[in-house]
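A quick write-up on the structure given underneath.
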Amino acid sequence: MLRARSWFVFGRRSYSVIGIDSLSARKINTGQESSNVDKRALGNTDRKQRTFSDRSQLKFARRLVVKLGSAVITREDGNGLALGRLASIIEQVAECHHEGRECIMVTSGAVAFGRQKLTQELLMSMSMRETLSPSDHTREDAGSILDPRAAAAVGQSELMSMYDAMFSQYNVKIAQVLVTKPDFYNEETRKNLFCTLSELISLNIVPIVNTNDAVSPPMYIHDDTVVPGTGKKGIGIKDNDSLSALLAAEIQSDLLIMMSDVDGIYNKPPWEDGARMMHTYTSKDKDQVQFGQKSKVGTGGMDSKVNAATWAMARGVSVVICNGMQEKAIKTIISGRKVGTFFTDTPVSSTTSVDVMAENARSGSRVLQQLSPAERASAIHSLADLLVEKKDLILEANSKDLEEATKGGLAKPLLDRLALSPGKLKTLSIGLKQIADSSYENVGRLLRKTKLADNLILRQVTVPIGVLLVIFESRPDSLPQVAALAMASANGLLLKGGKEAAHSNKTLMDLVKEALQSVGAQDAISLVSTREEISDLLAMEKHIDLIIPRGSSDLVRSIQKQSQHIPVLGHAEGICHVYLDKDADPSKAVKVIRDSKCDYPAACNAMETLLIHEDHLSGSLFTDICSMLKNEGVKIHAGPKLSGHLTFGPPPARSMKHEYSALECCIEVVSDINEAVDHIHKFGSSHTDVIITENDNTAKTFLNSVDSACVFHNVSSRFADGFRFGLGAEVGISTARIHARGPVGVEGLLTTKWVLEGTDHTAAEFNEGKRQWVHEKLPIN
């Protein structure tokens, strides 16, 4: 039974609605409806259809051609097929098929499969005849004398049997379509071929196309040859690259994925210095590419792939050339991720690519590092002054964001974070000047000096980490804070803000650039405002050294989960506790608890759980605290032990490990300091925890025992903040135990390097006793 589909039109092209709602479909509808979209013609290369202009549109691709190159199909040692890799690709094609996409595969592999089988037979035969000694007849010798056409004849049936077995696991039917090059240059066979493909697709069958290498003639037909009997120009079928391009154009495919053994198109062979991956390719980029040698396994090189891709692109097919060995490459491409090289006839935006921004940030970091501390401080002072001088411009941009966010229904806590005011800008300016004043003792600070031997001095000095990626939500005031910290620590910086603060962020970024320009380092910091997905940024391990997410726990958890190769500095949750000891002062208790919960309930350092010593249940302090919280509008949840003490009381908490981030909190009862500490270790997030007590010994026990980034006595949890700590600002709060912990200021953005200076020292001299170790600590003043 054929699947029912809903259809919409993009330009003059029709698409099935796959996994999108009707509203999304209406947004994409930019052309007139087709009267018979389910039976669009095949075999017409004269029509001009529009390619997708952006990767985000690839999810709407209905008809999909997947080309598997020999390097993808074949094992690295050349002996047979890479079955595990092939199984993963087949699984992805099957998923696309079940989503309602029309899939066609163009495959290599028959020769490799046949050669593997015939080589085994030949080796056995050669051994039995004893025509060669065992040391002389090798697998390579046997393989080299095999005729490729004979290998193809043997391997073709084996290859299709394997495809049939693998696809049948996903209830997908397949059909083999063998072609030869003359089939495309004979009007009758050409027509029959595309009628067959059309019928197979309508029957919900995946056609698997391959050249019939057992009978194929030599590759003598050149590009742009006039097709006999049609008067049309075609593409010379020299390999499966050109075959897949021709098929994709003829059947009006939306997307052609050409899978090879390289990540995509580089401006020069990837092993050469200066090679740069081209994530987007237009016809104008051809002169910028230098091609290397062709594939060691297949018949087509990178120039063949580019020629085939541009030919298909000129006929309205979007193309992606990617590495078929990458996990889930097909699904990742369709999801819009920046994988491989995307071919489009739409001119690329003049916006600087993220890759270039990251490279500029690296070189900009080195410029900052060469500056004197006074020069770095002057740039930060300049930014601090600009925040006050141009506050009207900033607030105007911020009002646009607030207006759009309000219309869009942004939650009130996020609106509060988004809003700027003259007071906020003034506080920001003061904090930035604190950072500037502290920047004199950051980069290049001597930490250790050791005399290893006579005239051999070792120094350990602070240096910047390199390039930081800071992802933040809602709060535009984060931008100048983080920028100032990057300047002080001489780090390059990429900033990715939320779209809800787009106007504010752009205006603030202009001021950052202006301040950096005064010291010649304007490229050291950039705002990523393109359509790059965060997942793409997280894969840039060659360019980014540390990721710092600032925002909701969901954002931080998502970044930590997705980033596999770049370290992430941050905290996933802010489950902060306040423990009310039996020896607490009542007035201090009410004051500290109110501020910890109510000052800014959405902050990560706000109290989420109040632990109360059981002695207070029989006194008035417990009632006073509950009354205060209710008067402040706080919804109270009871922990299991508190619920056991009360006949009537607050509703039970669903979890003791929950971050409310709102005017809500949990109250639980503990019997003593030890139970309080155990509770915090079990349910806390190692962020900030507080004890309220007048007993110094109890306080000392708490401060020494609680294993959190911040541990306080008789003060609000809201003090866990870079500005309040005197750091000027923070790039984030870390609950990690490696590197920086707690509010991260400039020092948390530095690492070290070792500098060794001698005369003509060699390690061998010490091994031979010609020189002696001293290892004398020297003063660092």
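Here full-length UniProt numbering is used: the first residue of the sequence shown is 1, the next is one more, and so on.
Glycine residues also receive a C-beta, built at the ideal position from the N, C-alpha and C atoms.
Quick check: the region 316 to 336 against the region 58 to 69, are there 3 or more CB pairs under 8 Å? yes
Margin query: Would I394 and L508 qualify as a contact pair, given that the criterion is a beta-carbon distance under 8 Å?
Written below: yes
* **Buried/exposed call for Q434, threshold 16 Cβ in 10 Å** => buried
- Query: When DSSP labels each residue in this structure, what does V319 get in the three-state scheme?
  - Reply: strand
**Prompt:** In terms of alpha-carbon separation, which member of V93, R115, P413, K191 lies closest to M105?
**Reply:** V93
| message | For L479, report the span of its alpha helix (DSSP H) as first-last. | response | 478 to 489
Point to revise | Among L778, H761, A379, S399, nearest to Q772 - alpha-carbon criterion | key: H761
Buried versus exposed, by CB contacts within 10 Å (16 or more), W311
buried
In three-state DSSP terms, what is D510? helix
Got a sec? Which residues, its chain only, sit under 7 Å from S478 by beta carbon, not counting five neighbours each side? F472, R550
Next on the checklist: At the level of alpha carbons, what is the spacing between S253 and T74?
Outcome noted: 26 Å
query = How would you write the range of the alpha helix (DSSP H) that P422 sits in, first residue to last?
reply = 422 to 438
Note to self: If you follow the alpha helix (DSSP H) that E765 is in, where does it begin and where does it stop?
What the structure shows: 763 to 767
Q) Got a sec? Which residues, its chain only, sit under 7 Å from E516 by beta carbon, not counting five neighbours each side? A) The sequence shown places Leu at residue 516, rather than the Glu named in the question. Answer for L516: A379, Q522, A524, I525, listed in chain order.
- Query: Given that a residue counts as buried once 16 or more other Cβ atoms are within 10 Å of its Cβ, and exposed if not, what is E668?
  - Reply: buried
- Query: Going by the CB atoms, is the gap between H613 and V670 shorter than 8 Å?
  - Reply: yes
Got a sec, what are the start and stop residues for the alpha helix (DSSP H) N605 sits in? Unbroken run through N605: none, as it is neither H nor E.
* Asked: Three or more C-beta pairs closer than 8 Å, one from the region 315 to 326 and one from the region 259 to 273: is that the case here?
  -> yes
C-beta atoms of P476 and S504 nearer than 8 Å = yes
Worksheet item: Would DSSP call S6 helix, strand or coil?
Response: The pLDDT assigned to S6 is 33, lower than 50, so where the model puts this residue is not dependable; a value taken from the coordinates is nonetheless given after this. Looking at S6 - three-state DSSP - the assignment turns out to be coil, as it is neither helix nor strand.
Exercise for review: Answer yes or no: the CB of Q434 versus the heavy atoms of the ligand MN, is any distance below 7 Å?
Suggested key: Ligands displayed in this structure: none; no statement on the ligand MN is therefore possible.
- Considering only the beta carbon of each residue, do S283 and D241 sit closer than 8 Å? no
- Query: If you draw a straight line from the C-alpha of residue 806 to the C-alpha of E541, how long is it?
  - Reply: Residue 806 is absent from the structure shown; the chain starts at 1 and stops at 781.
Any idea what DSSP makes of H613, helix, strand or coil? strand
Original post:
Can you round the beta-carbon distance between I89 and L68 to whole angstroms, since I take them to be within the 8 Å contact cut?
Top reply: 7 Å
Does the beta-carbon of residue 782 have 16 or more other beta-carbons within 10 angstroms, so that it is buried, or is it exposed?
-> Outside the modelled stretch of the chain, which goes from 1 to 781, sits residue 782, for which no answer is possible.
| said: According to DSSP, S558 sits in a beta bridge with which residue or residues? | reply: Bridge partners of S558: none, in fact.
Using only the alpha-carbon positions, how far apart do Y266 and V306 sit?
11 Å
DSSP on A87, reduced to helix/strand/coil?
helix
How about A361 and L447: do their beta carbons lie closer than 8 Å?
no
- [ ] Please determine, among S518, V467, C576, V556, the residue with the shortest C-alpha to C-alpha distance to residue 783.
- [x] A question about residue 783 goes unanswered here, because the residues of the chain that appear run from 1 up to 781.
Practice problem: Count the other C-beta atoms from every protein chain shown that fall within 10 angstroms of the C-beta of E500, then say buried if there are 16 or more, exposed otherwise. | Solution: buried
task = Label P464 either buried or exposed according to how many other C-beta atoms from any shown protein chain fall within 10 Å of its C-beta, with 16 as the threshold for buried.
result = buried
Expected contact under 8 Å - CB spacing of A720 and S661 to nearest Å = At roughly 15 Å, the Cβ-Cβ gap does not stay under 8 Å, so A720 and S661 are not in contact.
Supposed contact pair V715 and I680 - C-beta distance, whole angstroms, cut 8 Å:
Between V715 and I680 the Cβ distance is about 17 Å, and since that is not below 8 Å, they are no contact.
Notebook entry, point to check: Would the beta-carbon of S686 fall within 8 Å of that of S708?
Noted result: yes
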